[in-house]
Amino acid sequence: MSINENPSERIGSLIDNGRLEITHILGVGAYGVVYAAKHVKNQRMYAVKCMPKAKIDARQHRLHATEISLHAQVSGHPNIISLEKVVDTSDTLNVVLEYCREGDLFSMITEKGGYLGNDQLIKQVFVQILDAVQFSHFHGIYHRDLKPENILVFDGGRTVKLADFGLATTDVWSRDFGCGSTFYMSPGGLNKKVRGYVTASNDVWSLGVILINLTCGRNPWKQACLRDETFSVFLRDRDFLKSILPLSDELNEILKDIFNLDPEKRISLDELRERVLACRNFTVSEYDDTSEYDTYYKYSNKSYYDDEASSTSSRKSEYDTFCNYSNKNYDDEISLKTSRKSPHHSSTNSSATACSWYSTNSEMEFSTPTSEFLEDFDR
């Protein structure tokens, strides 16, 4: 019987030559089970991703190997979950990770309201996330699945660590569309009309959504595409988010530079760090939630647009310009890569369809309902 059919069978068993004892289940996913394990001698707790070899084909094995390799390269950073070791047995591949008993950032935001109104704590936490991402980028590794569920919290939410490199890549440009959660993807990561997207800039976009999560407890839109009404209006009016979220003028300007359709004009991580630290207030204290209805009515009222067809055409034209820009730059990048290989981006392949299973695709909508989340290392 496989561990997926009866994961509890392994509870009480020993791995790593008897050093670690499996104590309980933290979560179950498509490719295996995450267990809590205790070091027999020093009683220290670990999380163990246990993947049965019988269910892993050659392609999946390569994806897991890529995830482990990329995570190991950045594991030493204080804001990245530590990958302790890999224990290879006859029937399972076991990845031993740092244990987190306090859960993830999603839970801290939606269930505990741990950051709303606390600008100093938001700065402290967001800069830690940014530092982890910047460290990864420095090593030529792009996460592609940045979201609160993949960020674990310590010290009552004052310290955070980035986890789950299942979708990470060393590709500067990628054609792996749809990686991660749609709430956090850039337009390029969603739009199959483009020939590729910049993976570093895609991470920056995700950081912008996380910044809104921390400051407002909400998501700005469901998808950064024309089909999404909120995003579509944002393309027409770059200050639109300020009318539906309690954003300060300073934060609104930062977000506009993050959510730039042109990846080359998107704010850099260095500048983002500097401006977030300099931001005096993220939100306004006096905010009328009823204005959201008035704003939506204004934008949905056909009389608001002198010519609805012209308005739609204008937004589509801007989006098409973005598509054409991305296609041109992708062609240039491919041409460049055929003439020379970058030392940082040649050793590993993309993990395009690797299943990220530390956490489920929890949603943080405008009303921020409490949604289920999974695999926070403390279940």
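Position one of the sequence shown corresponds to residue 1354 (our numbering), numbered consecutively onward. C-beta atoms are modelled at their ideal positions from N, C-alpha and C, and glycine is treated no differently.
Residue closest to residue i, alpha-carbon to alpha-carbon, out of the options
i     : options                    : result
D1472 : A1485, I1565, S1443, E1374 : I1565
K1524 : Y1495, K1595, S1539        : Per the sequence presented here, residue 1524 reads as Asp, with Lys not at that position. The option with the nearest alpha carbon to D1524 is Y1495.
S1534 : S1443, T1568, A1577, G1509 : A1577
E1455 : C1532, I1475, P1540, V1506 : V1506
A1407 : G1385, Q1481, G1467, E1606 : G1385
G1561 : S1601, G1531, D1610        : D1610
Y1537 : L1598, K1500, A1521        : K1500
I1433 : Q1487, M1404, I1409        : Q1487
V1629 : D1410, G1531, L1579, V1478 : V1478
S1585 : P1616, L1515, E1362, P1540 : P1540
L1379 : N1370, I1364, I1368, E1420 : I1364
S1602 : R1633, D1590, R1626        : Going by the sequence as given, residue 1602 is Asp instead of Ser. Measuring from the Cα of D1602, the nearest candidate turns out to be R1633.
V1427 : E1582, A1521, I1563        : A1521
I1421 : D1517, K1394, A1383, A1411 : D1517
L1458 : P1431, I1482, E1502        : E1502
C1403 : A1383, D1581, L1515        : A1383
S1443 : T1583, P1405, D1581, E1606 : P1405
K1394 : L1367, R1412, H1417, L1416 : L1367
L1515 : E1362, A1631, E1624, Q1481 : Q1481
E1627 : K1618, L1614, D1615, I1607 : I1607
G1429 : A1485, T1445, D1508        : A1485
Q1396 : I1409, A1418, G1371        : G1371
V1513 : P1431, C1532, A1631, E1362 : P1431
T1445 : I1409, P1616, E1617        : I1409
8 Å Cβ shell around residue i - same chain, five flanking residues per side excluded
i     : result
Y1399 : L1373, A1389, A1390, K1391, H1392, E1437, V1449, L1450, E1451, Y1452
F1587 : P1573, W1574, F1593, L1594, F1612
H1490 : A1553, D1556, L1622
D1581 : W1574, K1575
For residue i: DSSP bridge partner residues
i     : result
C1403 : V1386, N1447
H1496 : Note: H1496 sits in no beta bridge, so no partner.
F1507 : T1512
V1551 : W1526
G1380 : V1387
D1457 : L1505
H1392 : L1373
T1636 : L1600
L1367 : E1374
I1433 : L1515
Element boundaries [beta strand (DSSP E), containing residue i]
i     : result
V1439 : 1436 to 1441
Close Cβ partners of residue i (< 7 Å) along its chain, the five nearest in sequence each way excluded
i     : result
L1469 : G1570
T1568 : I1475, L1604, F1635, T1636
S1527 : G1549, Y1550, T1552, S1703
R1591 : K1609
H1424 : L1436, F1518
P1599 : C1569, T1636, V1637, Y1640
Endpoints, the alpha helix (DSSP H) within which residue i is located
i     : result
S1489 : 1472 to 1491
M1538 : Where M1538 is concerned, there is no enclosing alpha helix (DSSP H), given that its DSSP letter is neither H nor E.
R1589 : 1582 to 1589
V1629 : 1622 to 1631
I1421 : 1411 to 1427
Residue i: CB within 7 Å of a non-hydrogen atom of the ligand ADP
i     : result
L1436 : Ligands in the displayed structure: none, and consequently the ligand ADP is not present.
Minimum Cβ-Cβ distance from residue i to chain B less than 8 Å
i     : result
S1460 : Among the protein chains of the structure shown there is no chain B, as only one such chain exists.
Contacting residues, own chain, Cβ-Cβ under 6 Å from residue i (five flanking each side not counted)
i     : result
G1542 : Y1550, N1555
I1620 : D1610, I1611
M1461 : G1467, V1506, G1510
D1369 : V1440
V1401 : Y1388, A1390, N1447, V1449
S1559 : L1499, Y1537
P1360 : I1378, V1381, V1386
H1414 : none
S1653 : Residue placement at S1653 cannot be trusted, given a pLDDT of 39 that sits under 50; what the coordinates show is reported in the next sentence. Cβ neighbours of S1653 beyond the five flanking positions: none.
- Does the segment 1538 to 1557 come close enough to the segment 1490 to 1508 that 3 or more CB-CB pairs lie under 8 Å? yes
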